[in-house]
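Using full-length UniProt numbering, read the sequence shown as starting at 1 and increasing by one per residue.
Here the structure is laid out as structure tokens; the discussion comes afterwards.
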Amino acid sequence: MPIKIPNFRTQLEREVWDRLHPAKLAHIMNAFMGEGFAAKGAVKTSNPPIKDGMVYTLNLLKKIITEDYDRGRRSQLSLIPTLLLRIRALFRVYYNWQVTEERTADLKYCDFDDVGDVSIPLHELGLTLQLDRRRLKAVIDAGGAEFERVVLDMAPDIGPWREAAMNYEDELRKSEEADDGDRDDAQDLQDKADEDLAAYATVWFYGDLHVAFIMGTPTTEDEKRRAKKALKRLVFWSCNKKMRLIFGDCLTDSMRSIYGTPELLVKFCQVGGLAALIGDCNNSACKGLCENAALSLPDAAWDRQTKRSLFDATQSLQELTEWHDNEKHLDIFTSACYNIYKRYGAEPFERAYRNEDWSDPVIFHYIARQLKKEGVSPKTKAEWRGILRDYENLPRAVEDKYRWSNLNVSGQWDCIEIYGCDNDDCPEQAELIRLREARVKGVRDAQVEERLDDWGRKLKSCACHSVAYCSTECQKAAWRSHKPKCNRGRQDVIKV
Numbered sequence: 001m002p003i004k005i006p007n008f009r010t011q012l013e014r015e016v017w018d019r020l021h022p023a024k025l026a027h028i029m030n031a032f033m034g035e036g037f038a039a040k041g042a043v044k045t046s047n048p049p050i051k052d053g054m055v056y057t058l059n060l061l062k063k064i065i066t067e068d069y070d071r072g073r074r075s076q077l078s079l080i081p082t083l084l085l086r087i088r089a090l091f092r093v094y095y096n097w098q099v100t101e102e103r104t105a106d107l108k109y110c111d112f113d114d115v116g117d118v119s120i121p122l123h124e125l126g127l128t129l130q131l132d133r134r135r136l137k138a139v140i141d142a143g144g145a146e147f148e149r150v151v152l153d154m155a156p157d158i159g160p161w162r163e164a165a166m167n168y169e170d171e172l173r174k175s176e177e178a179d180d181g182d183r184d185d186a187q188d189l190q191d192k193a194d195e196d197l198a199a200y201a202t203v204w205f206y207g208d209l210h211v212a213f214i215m216g217t218p219t220t221e222d223e224k225r226r227a228k229k230a231l232k233r234l235v236f237w238s239c240n241k242k243m244r245l246i247f248g249d250c251l252t253d254s255m256r257s258i259y260g261t262p263e264l265l266v267k268f269c270q271v272g273g274l275a276a277l278i279g280d281c282n283n284s285a286c287k288g289l290c291e292n293a294a295l296s297l298p299d300a301a302w303d304r305q306t307k308r309s310l311f312d313a314t315q316s317l318q319e320l321t322e323w324h325d326n327e328k329h330l331d332i333f334t335s336a337c338y339n340i341y342k343r344y345g346a347e348p349f350e351r352a353y354r355n356e357d358w359s360d361p362v363i364f365h366y367i368a369r370q371l372k373k374e375g376v377s378p379k380t381k382a383e384w385r386g387i388l389r390d391y392e393n394l395p396r397a398v399e400d401k402y403r404w405s406n407l408n409v410s411g412q413w414d415c416i417e418i419y420g421c422d423n424d425d426c427p428e429q430a431e432l433i434r435l436r437e438a439r440v441k442g443v444r445d446a447q448v449e450e451r452l453d454d455w456g457r458k459l460k461s462c463a464c465h466s467v468a469y470c471s472t473e474c475q476k477a478a479w480r481s482h483k484p485k486c487n488r489g490r491q492d493v494i495k496v
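Following this line, the structure appears as structure tokens:
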């Protein structure tokens, strides 16, 4: 369905509409798919809208920021923080209902047609303030400390279910005794949390304002303070994996001005934003923009990095390893490795692979191993590209061995079947599976756990590197079935 282009009264309206266009297209797609911002309100909108309801509050906010301001009326600008808090509160009421299906008295105020009919107008207001610095200053001056508190100090309303899911996931990652039941519980909790989109529904607006605060050069102490706060929060929201999942493409869309302004992008990257740029090169609303920005990124953007920012950057790089599908991603990965190693040595790669999950690419484990070899010290992007090209031929058996070495005991028990000996009748694997079924939570056997770890570490690849066995006996037992396929795997095998 095409979107009708309005008659613009001002250049500002045209610029806002151009920036808003991707969001409107996404909303149409959401409505077609019946997901995301297509979720319907709790009640129908009355005419006139119920006082203090979502539609009433949004209409008043729009009137104050656009119509009244354009007509020189500024008396109600001080109401903006209160209106923003009301919208936040009503989204909490709405999403509590969405998650629990329990109706409360305040649901009568959730009178919008669908969520997008609130989120996109908020985005429009955020862009209007971002692109009109005088208007933004008037809002800041009128709102005072309360406006700054609401916009820059209050934490996003991620909701109790998402917070519980995040905490439970952290506990499982640290647990040596987590089992399939625990992981099922974690998934159930995450599914419930994913129904709560309160923070997602408002991040366009708040993202627009945060970007506005870091644009230009702050001159007063107040401007510098706001810019510092905004930059810190944008880095956290866009680089932290959990926050990225909460905010999704809406935050990325709000950050177009950062990705499209080289000077601002370098500044953003130098305070920890590299992970966001790299992550948004993969399946984001700004994929093309971010790929081009990353490919033309000045090397200076890699200066001033911390252990945390480098770790986040390597985690984002893991999403760009399907190079046969996208040559640009190989170029971005090559440049990143070159700049990291040139400035910070091998340590960032070693830290990265120690955190790998079973499902993560083992690229940094491989890189760290290569850099430990005598005579391997790549000094050019061409040399790095050669190392990365060799990684494409890494045998599956070697990949699996890397993965095993990073698992804790809980992960090793969980991965016996997908990792283990390729002899279908391996007696040791069968015994370990039996011991796993006999485990009792809270009771650990150090000898059994050591036996499990040793079994995984002593697996040896066949000469073809396509299969691995825990013993010579298992290799001999499986030879009859493996022999016809064995020679096929001998081509393009690299030394590891």
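Cβ coordinates follow ideal geometry from the N, Cα and C atoms, glycine included.
Here's the rule I'm using: 16 or more other beta-carbon atoms within 10 Å means buried, otherwise exposed. How should residue i be labelled?
i    : result
T314 : buried
Q475 : buried
D18  : exposed
R103 : exposed
D153 : exposed
R233 : buried
A178 : buried
R72  : The sequence shown places Gly at residue 72, rather than the Arg named in the question. By the 10 Å Cβ count, G72 comes out exposed.
Q318 : buried
G126 : buried
G53  : buried
Need the endpoints of the alpha helix (DSSP H) that residue i sits in, please.
i           : result
Q447        : 446 to 457
E124        : 116 to 131
R343        : 327 to 344
V409        : 409 to 414
W161        : 160 to 174
D390        : 381 to 391
A314        : The displayed chain sequence assigns Thr, not Ala, to residue 314. Where T314 is concerned, the enclosing alpha helix (DSSP H) stretches over 307 to 317.
K229        : 221 to 239
residue 529 : The question about residue 529 has no answer here: the residues shown for the chain are numbered 1 through 496.
Q270        : Here Q270 belongs to no alpha helix (DSSP H), and DSSP marks it neither H nor E.
Y200        : 198 to 214
K441        : Segment: none, K441 is in no alpha helix (DSSP H) and carries neither H nor E.
N406        : 396 to 406
V55         : 54 to 62
Y259        : 256 to 259
Y94         : 80 to 100
Beta-carbon within less than 6 Å of residue i's beta-carbon, same chain only, minus the 5 sequence neighbours each way: which residues are those?
i    : result
R86  : T57
L20  : E124
H365 : Y353, Y402
K481 : The sequence given here has Ser at residue 481, not Lys. Counting only Cβ-Cβ distances below 6 Å, and skipping sequence neighbours, we find nothing.
C337 : W384
T252 : D280, S284, A285, C286
I214 : A227, A230, L231
With residue i and residue j assumed to form a contact (beta carbons below 8 Å), what rounded beta-carbon distance in angstroms separates them?
i    : j    : result
L197 : Y95  : 6 Å
A165 : Q130 : Contact doesn't hold; Cβ gap of about 32 Å is too wide.
V398 : E449 : Their Cβ separation, rounded to whole angstroms, is 24 Å, which puts V398 and E449 out of contact at 8 Å.
C269 : W204 : Not really, about 23 Å apart at Cβ, beyond 8 Å.
S238 : A142 : Contact doesn't hold; Cβ gap of about 29 Å is too wide.
D113 : G36  : So it is not a contact: roughly 14 Å between Cβ atoms.
I50  : T128 : Wrong, their Cβ atoms sit about 26 Å apart, outside the cutoff.
G288 : V235 : The Cβ separation is near 23 Å, so there is no contact.
K108 : V43  : 6 Å
V211 : S257 : 5 Å
Only counting the same chain, and skipping five residues up and downstream in sequence, which positions put a Cβ closer than 7 Å to that of residue i?
i    : result
V99  : W161, K192, E195, D196
D422 : V467, A468, Y469, A478
R225 : none
G456 : W404, Q412, Y419
K495 : With a pLDDT of 44 at K495, under the threshold of 50, the predicted position of this residue should be treated as unreliable, though the coordinate-derived value follows. Same-chain partners within the cutoff: there are none.
R396 : S466
G489 : A caution first: G489 carries a pLDDT of 49, below 50, which makes its placement in the model unreliable, though a value can still be read off. Hits under 7 Å: C464, H465, S466.
D68  : Q76
I140 : F147
K458 : C470
R55  : Here residue 55 is Val; the residue named in the question, Arg, does not match the sequence. Closer than 7 Å at the Cβ level, and outside the excluded window around V55, lie T45, P49, D111, F112.
Quick one: is residue i near chain C, going by C-beta distance under 8 Å?
i    : result
I367 : As a matter of chain content, chain C is missing from the structure shown, which is built from one protein chain.
Among the options, which one has its Cα closest to the Cα of residue i?
i    : options                : result
I363 : E392, T380, S335       : E392
K24  : D157, G116, D111       : G116
S377 : Y341, I140, S461       : Y341
Y344 : V150, I65, L310        : L310
K328 : L295, V150, F236       : L295
T217 : K242, M255, E263       : E263
E473 : L277, K460, E169       : K460
Y168 : A186, V151, A155, D157 : A186
H27  : A201, D400, L61, F8    : A201
What does a CB cutoff of less than 8 Å around residue i pick up in its chain, not counting 5 residues either side in sequence?
i    : result
I433 : I416, E417
H324 : E392
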